[in-house]
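For the sequence shown, counting from 1, position 161 maps to 240 in this note's numbering; every step adds exactly one.
The C-beta atom is built at its ideal place from N, Cα and C for all residues, glycine as well.
Just so it is clear, the structure is predicted and the values come from calculations on it, not from any experiment.
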Amino acid sequence: MHFKWPSEDYDQQAELIAQQLKQAKNVFCIAHPFSDGDALGSQLALYHFCKATGKNCYCLNFEPLPEQLSWLEGSEFLTDTLPEDMDFDLGFLMETTEARRMGDRVAFFERAKVTIHLDHHVNVTGLGKENLIDDKASSTCEILYNILEKTGVELNLQCCEALYVGIMTDTGNFRYNNSTPRAHEIVARLIEKGLVVDEIFKKVYETTNYNRVVIHGTAMSRTARHCNGKLVTSWLSLDDFIRTGSKEVDSDGCIRNISVIKGIEVAILFKEVEGGKVKISFRSTGKVDVMEISRRFNGGGHRLAAGAQVEGNLDSVMREVIEMVSQTIEQGDY
Ligand SMILES: [Mn+2]
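1. Among all residues, which have a Cβ less than 6 Å from at least one non-hydrogen atom of ligand 1, and in what chain order do they fall?
2. Taking the alpha carbon of V193 as the reference point, which residue from P145, L169, K350 has its own alpha carbon closest?
3. With burial defined as no fewer than 16 other Cβ atoms inside 10 Å of the residue's Cβ, what is the status of L317: buried or exposed?
4. Out of A131, Q99, I359, T323, which has the shortest C-alpha to C-alpha gap to I294?
5. In chain order, what residues of the same chain have a beta carbon less than 6 Å from the beta carbon of P85, not counting five sequence neighbours either side?
6. Could you say which of A216, I347, K358 lies nearest to H81 if we only look at CA atoms?
7. Report the CB separation of D115 from F141 in whole angstroms; it is logged as a contact under 8 Å.
8. Quick one: what's got a C-beta closer than 6 Å to S360's C-beta in the same chain, skipping five residues either side?
9. Helix or strand or just coil, what does DSSP make of V400?
10. How big is the Cα-Cα spacing for H263 and E221?
11. Taking all protein chains shown into account, decide if S300 is buried (16 or more other Cβ within 10 angstroms of its Cβ) or exposed.
12. In the DSSP assignment, find the unbroken alpha helix (DSSP H) run with Y243 in it and report its ends.
13. Run through DSSP, which three-state label would S313 get?
14. Taking the beta carbon of D166 as the centre, do at least 16 other beta carbons fall within 10 Å, making it buried, or is it exposed?
15. Taking H305 and S149 to be in contact with their CB atoms under 8 Å, please state how far apart those CB atoms are, rounded to whole angstroms.
16. Can you tell me where the alpha helix (DSSP H) with I96 in it begins and where it stops?
17. Report, in whole angstroms, the separation of the C-beta atoms of N225 and A93, which I expect to be a contact under 8 Å.
18. Over what stretch of residues does the beta strand (DSSP E) that includes M173 continue unbroken?
19. On the three-state DSSP scale, how would you describe T176?
20. Where does R362 land, buried or exposed, given buried means 16+ other C-beta within 10 angstroms?
21. For a test of the three-state rule: what should DSSP assign to I294, helix, strand or coil?
22. To the nearest angstrom, report how far apart C108 and Q410 are at their CA atoms.
23. Which whole runs of the alpha helix (DSSP H) in the region 190 to 233 are 4 residues long or more, in chain order?
24. Thinking C-beta only, is V345 closer than 8 Å to V283?
25. For I414, which of N210, T248, Q122, G355 has the nearest alpha-carbon?
26. Measure the C-alpha to C-alpha separation of T287 and E146 and round it to an integer number of angstroms.
27. According to DSSP, is R83 part of a helix, a strand, or is it coil?
Laid out in structure tokens, this is it:
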């Protein structure tokens, strides 16, 4: 079941989860692999809330954090195991569209007496005993805020900061159309608690490294046009990452650089990753439903931003995807 804020159903569900959280003693949370601001923000906000209210909270995370996020307080307590002898009252699954994307980490979810799934993606099946999924929410952090608000507990600065980073990054700095009145309302409350927003902005967006600039430049220099300029693409190979000494997280945001070209409908970035696989990121400027396209490659996401990961070599994957998307655009089949 999906919930839409504001409604009585939403309110009741948020209240129910808030009560369960208040009563819980031992809590853990998992989010999707390769944390973004919303995945990590929602985990750490829950952590700070639990810590402040005398609960144990374990934030499971299995990959290195991007530098732009690793400064968030609580990041140092991320873990990849749960204590064997602990009974967990609640296990949260944040920001996860489907179990398949979670791999082995789904096994952790079974350790909790009650599981709770929070998410804001489209067409997400609730994987928890309790779910609060609202595809109109700006972010998972917004949904978590709505729950924490119901507890009546005053949120501390670290919790507010984590929630703010989630909402800020998922709304593209309050520019995308998910920057709803509710998102702004929540952010206003968070700022009231004393957040220094320009410092947060600088840490997230203006702390870059040389490798990042070089890998972005590499992707930009390979921008190619197809379909009379309605489709633009670029690519990065494993060799590019090795040659420039950059990691995959350094290429985050590359697709934004190429999707700002006037007149395009779709932008695609192909990234070769370990294990003979290619990661594909899709962006639409409005007309084309790229979530629908990514589904054809077993991916998912949102209507305007989606992704997939497929097996195959970079050249052949690129050829196949570009041809398919070109046909979709030419046929006006979207
Ligand atoms: Mn999100």
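Let me spell this out:
1. Result: D117, E174, H199, S218, T219, D249.
2. Numbered from 1 along the sequence shown, position 114 holds the residue referred to as residue 193. Nearest option by C-alpha distance: L169.
3. Mapped onto the sequence shown, residue 317 falls at position 238. Under this definition L317 is an exposed residue.
4. Start at 1 with the first residue of the sequence shown, and residue 294 comes out as number 215. Looking at the Cα atoms, T323 is the closest of the given residues.
5. Taking the first residue of the sequence shown as 1, we reach residue 85 at position 6. If we look at P85 and ignore the five residues flanking it on each side, it has no Cβ neighbours.
6. Numbered from its first residue, the sequence shown carries residue 81 at position 2. Out of A216, I347, K358, the CA that lies nearest to the CA of H81 is found in A216.
7. Position 36 of the sequence shown, counting from 1, holds the residue named residue 115. Position 62 of the sequence shown, counting from 1, holds the residue named residue 141. Going by Cβ atoms, the distance from D115 to F141 rounds to 14 Å, so no, they are not a contact pair.
8. Here residue 360 refers to the residue found at position 281 of the sequence shown. Around S360: I334, L348, G386.
9. For the purposes of this step, residue 400 is taken as residue 321 along the sequence shown, with counting starting at 1. In the structure shown, V400 sits in a helix (DSSP, three-state: H, G or I).
10. As a working note, residue 263 is residue 184 in the sequence shown. As a working note, residue 221 is residue 142 in the sequence shown. Each residue's alpha carbon lies about 10 Å from the other.
11. As a working note, residue 300 is residue 221 in the sequence shown. Exposed.
12. For the purposes of this step, residue 243 is identified with residue 164 of the sequence shown, where counting begins at 1. Residues 236 to 249.
13. Stepping through the sequence shown from its first residue, residue 313 is reached at position 234. Residue state, collapsed to three classes: strand.
14. Stepping through the sequence shown from its first residue, residue 166 is reached at position 87. D166 should be labelled exposed.
15. On the sequence shown, position 226 is the one that residue 305 refers to. On the sequence shown, position 70 is the one that residue 149 refers to. Contact flag wrong, Cβ pair sits at about 37 Å.
16. As a first step, residue 96 is located in the sequence shown; it is residue number 17 there, counting from the start. Per DSSP, I96 belongs to the alpha helix (DSSP H) from 87 to 102.
17. Taking the sequence shown and counting its residues from 1, one reaches residue 225 at position 146. Taking the sequence shown and counting its residues from 1, one reaches residue 93 at position 14. With a contact defined as Cβ atoms closer than 8 Å, N225 and A93 qualify at about 5 Å.
18. Reading the sequence shown from its first residue, position 94 is the one you call residue 173. Taken as a continuous stretch (DSSP letters only), the beta strand (DSSP E) holding M173 covers 167 to 173.
19. Within the sequence shown, residue 176 is the residue found at index 97, counting from 1. If DSSP states are grouped into helix, strand and coil, T176 belongs with coil.
20. For the purposes of this step, residue 362 is taken as the residue at position 283 of the sequence shown. It is buried - the Cβ of R362 has at least 16 other Cβ atoms within 10 Å.
21. Numbered from 1 along the sequence shown, position 215 holds the residue referred to as residue 294. Of the three classes helix, strand and coil, the one that applies to I294 here is helix, per DSSP.
22. Walking along the sequence shown from the start, residue 108 turns up at place 29. Walking along the sequence shown from the start, residue 410 turns up at place 331. C108 and Q410: Cα-Cα distance of roughly 44 Å.
23. 219 to 230
24. Mapped onto the sequence shown, residue 283 falls at position 204. Mapped onto the sequence shown, residue 345 falls at position 266. It is not a contact, given that the beta carbons lie outside the stated cut-off.
25. The displayed coordinates of the chain run from 80 to 413. Any statement about residue 414 would go beyond what the structure contains.
26. Translated into positions along the sequence shown, residue 287 becomes position 208. Translated into positions along the sequence shown, residue 146 becomes position 67. Spanning the two alpha carbons is a distance of roughly 8 Å.
27. For the purposes of this step, residue 83 is identified with residue 4 of the sequence shown, where counting begins at 1. Checking the sequence shown, residue 83 turns out to be Lys, not Arg. Looking at K83 - three-state DSSP - the assignment turns out to be coil, as it is neither helix nor strand.
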